[in-house]
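Read through the structure below, which is laid out as structure tokens, and then see the notes.
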Ligand code: HEM
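Residue numbers (the working numbering): 1 to 434.
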């Protein structure tokens with residue numbers, strides 16, 4: 001897993017380096033789509049169309065190299081709405097935060113169609129494309145990640161973290177950046193897996209978790225290539241790695257674990273209604289959930305540790321804040337002491353919260369995708385914007401996060417930026433909050 005925070009939905013337009021069979025296929029594909037993609041022209045009412053000189057890939061290489069810099073340049077040149085050709089897809093970017101709700105709430109812009117295509121391609125979950133009842137039922141399980149259910153998950157996360165953190169900490173002797181990532185991978189993967197899927201009872205618990213983690217990392221390493229549409233057969237042994245992961249997460253395999261979370265239990269009940277018990281697609285659903293729960297958390301932890309290690313003042317303030325809370329709750333830190341904090345107590349750690357928000361502001365480059373189900377016109381305050389069926393629309397918050405009119409010195413890490421003591425936010429954001 002790279003420590004680049006791509007967000008939950010990876011950028012499916014980004015081309016990746018290919019092996020030689022991949023190159024041959026890409027060349028064939030290029031020729032095939034050359035004529036088609038070059039033909040499109042901007043229609044009346046549509047946003048500026050930027051295709052670039054490279055057929056099919058369009059502007060993908062520039063975007064991959066420097067997403068923020070490239071977007072900022074395009075914003076200056078074309079304004080807050082424009083359509084890019086990226087990896088054979090036409091994607092309209094909406095950069096003005098005042099337009100986010102028009103996109104997010106428009107019924108004709110589907111999140112589900114986007115995710116279903118994605119789920120089929122990357123996890124080989126096919127039934128979500130055809131069965132809307134299954135989609136609805138799976139979505140209903142997300143309530144077990146919220147509210148009072150989240151309190152239960154949080155408690156279990158804390159207990160598991162105690163078991164996982166100390167041995168990992170003692171094992172790690174060097175704190176170079178290069179060791180920081182494997183540390184975060186191990187801690188987050190094992191803690192998350194145990195919290196959601198339960199404990200491995202067998203004697204070979206460590207081997208099972210380590211192998212699962214290693215396979216998971218191999219899968220994640222090639223994930224963006226898979227999501228960008230490259231056939232799995234061209235991605236080395238990825239297919240067998242994915243098959244093994246899916247097998248490790250079938251109902252039969254999960255039966256060997258103790259303490260499944262509510263969300264997984266409920267998911268299993270639903271999946272058993274739609275699939276035969278031995279259907280491996282059940283494991284594919286679980287791989288999807290495992291991937292969602294780990295891949296955003298690792299880079300968040302990595303970058304938080306990275307910035308704290310580089311900013312001793314921030315580290316000192318956070319230590320102080322945590323020490324105070326422990327003192328006031330009569331708890332001690334150090335080996336052998338177990339710490340328990342309620343959600344309310346965690347919420348009182350305002351400097352810790354601000355640090356995490358600052359890390360997400362600085363390091364997350366994810367966009368929020370929607371699929372255009374039919375030709376439509378978005379009626380925006382400043383202009384009308386025609387969208388074509390089959391295209392994608394993306395809201396891209398990183399541009400807001402790095403806007404100097406909103407965040408003073410946006411390139412700087414300021415751990416207290418989101419606390420009440422911080423200087424007031426700039427005018428543009430205030431207007432949004434009103
Ligand atoms: C720092 C940690 C995390 C970040 C930054 C993050 C971010 C995101 C984002 C940006 C989305 C897409 C929302 C959209 O496009 O509308 C998403 C979806 C999702 N996340 Fe997370 N996430 C994190 C941790 C987790 C964890 C720990 C879990 C599970 C235990 C989880 C489960 C999910 C699921 C199931 C979805 C899909 C929701 C749907 O299909 O409606 N995430 N996450």
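C-beta atoms are modelled at their ideal positions from N, C-alpha and C, and glycine is treated no differently.
Under the Cβ criterion (8 Å, minimum of three pairs), the segment 231 to 244 does not count as touching the segment 255 to 271. By the Cβ neighbour-count rule, residue 64 is buried, with 16 or more other Cβ atoms within 10 Å of its own. According to DSSP, residue 258 shares a beta bridge with 199. Residue pairing by DSSP puts residue 85 in a beta bridge opposite 90. Taken in chain order, the complete alpha helix (DSSP H) segments of 4 residues or longer contained in the segment 160 to 208 are 177 to 197.
Apart from the 5 residues on each side of it in sequence, residue 215 sits with its Cβ closer than 7 Å to the Cβ of 241, 244, 245 in its chain, given in chain order. Taking a cut-off of 8 Å for Cβ pairs, the segment 402 to 420 and the segment 106 to 118 do not touch, as fewer than three such pairs fall below it.
Our two residues, residue 357 and residue 418, have alpha carbons roughly 7 Å apart in a direct line. Contact annotation: residue 196 and residue 132 have beta-carbon atoms that are not nearer than 9 Å. Taking 4 residues as the shortest admissible run, the segment 297 to 375 contains the following complete alpha helix (DSSP H) segments, listed from N- to C-terminal end: 297 to 310, 312 to 328, 343 to 347, 350 to 363. The segment 40 to 49 makes contact with the segment 380 to 388, as at least three CB pairs between them are under 8 Å. By the neighbour-count definition (other C-beta atoms within 10 Å, threshold 16), residue 59 is a buried residue.
Judged by their CB atoms, residue 370 and residue 407 are not nearer to each other than the 9 Å cut-off. Under the three-state reduction of DSSP, residue 377 is assigned to strand.
Counting along the chain, the unbroken beta strand (DSSP E) around residue 387 starts and ends at 384 to 387. In this structure, the C-beta of residue 142 approaches the ligand HEM to less than 8 Å from one of its heavy atoms. In the three-state reduction of the DSSP assignment, residue 282 falls in the helix class.
Between residue 50 and residue 84 a beta carbon distance of about 5 Å is seen, short of the 8 Å cut, so the two are scored as contacting.
A Cβ-Cβ separation of about 5 Å places residue 91 in contact with residue 392 under the 8 Å criterion. Contact annotation, residue 180 with residue 305: C-beta distance approximately 6 Å; criterion of less than 8 Å satisfied. Residue 124 carries a coil assignment under DSSP once its states are collapsed to helix, strand and coil. Taking 8 Å as the cut-off, the C-beta of residue 263 counts as close to a heavy atom of the ligand HEM. In the three-state reduction of the DSSP assignment, residue 110 falls in the strand class, which pools E and B.
Take residue 331, set aside five residues on each side of it, and the residues of its chain with a beta-carbon closer than 6 Å to its own are 339, in chain order.
In the structure shown, residue 50 adopts extended strand secondary structure according to DSSP, grouped into three states. Separation of the CB atoms of residue 102 and residue 376 is rounded to 11 Å, and the pair is thereby denied contact status at 8 Å.
Each residue's CA atom was taken as its position, placing residue 322 and residue 350 some 10 Å apart. For the 9 Å CB-CB criterion, residue 398 and residue 68 form a contact.
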